[in-house]
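Data block below; observations after.
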């Protein structure tokens, strides 16, 4: 069952709050933020697609793992376009998947252990979506079952999958990441988290 999950690792954003820094390439655990996210993801499923956009020409050559990389031409329109583009790609591939795990490159504490918790909960078959609890909302990392793929392909702009999760609230399970859901948005908070 573990290989029926396809992971979309989103790394297409320009990270404007980082200034000139390419966030995906910031050092983390003897690799980069993106490299670390790839290392964690491949422990969960060999079906991994990295979605690049901004700075793809700089980022792609640094990816040393044997993973699939696609480039979202509409990355400037927001995360929703990367989810849509990635899901279209999964649907076109010959590998059937019963779920898509959407993962971001800038949450380095959400490791393979946490992703396994999401996967195990999803594989009970009790929920259409298994996501991460952010207090009053549920967000990514999150796994969406195959019946929702067409909705994922319809996403646009920077809303992400929030509306799908809201519509499917009664079929959604939210896991507590216990503080590991922290993301890196500025150099200042990268430095704070790097020192933890």
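Numbering (our numbering), first residue to last: 1183 to 1378.
C-beta atoms are modelled at their ideal positions from N, C-alpha and C, and glycine is treated no differently.
Predicted model, so just to flag it, every value in this text is computed and none were measured.
- If one requires a minimum length of 3 residues, the beta strand (DSSP E) runs lying completely within the segment 1305-1331 are 1311-1315 and 1320-1327, in chain order.
- Membership of residue 1282 in any alpha helix (DSSP H) is not indicated; the residue belongs instead to the beta strand (DSSP E) covering 1281-1286.
- In the displayed model, residue 1254 falls within coil according to three-state DSSP, outside both helix and strand.
- For residue 1188, the enclosing beta strand (DSSP E) begins and ends at 1187-1193.
- Put simply, the segment 1324-1334 touches the segment 1266-1285. At least three CB pairs are less than 8 Å apart.
- When the beta-carbon positions are compared, residue 1330 and residue 1350 come within less than 9 Å of each other.
- Between the C-alpha atoms of residue 1238 and residue 1205 there is a straight-line separation of about 12 Å.
- Inter-segment contact for the segment 1294-1307 and the segment 1241-1256 is absent: fewer than three beta-carbon pairs are separated by less than 8 Å.
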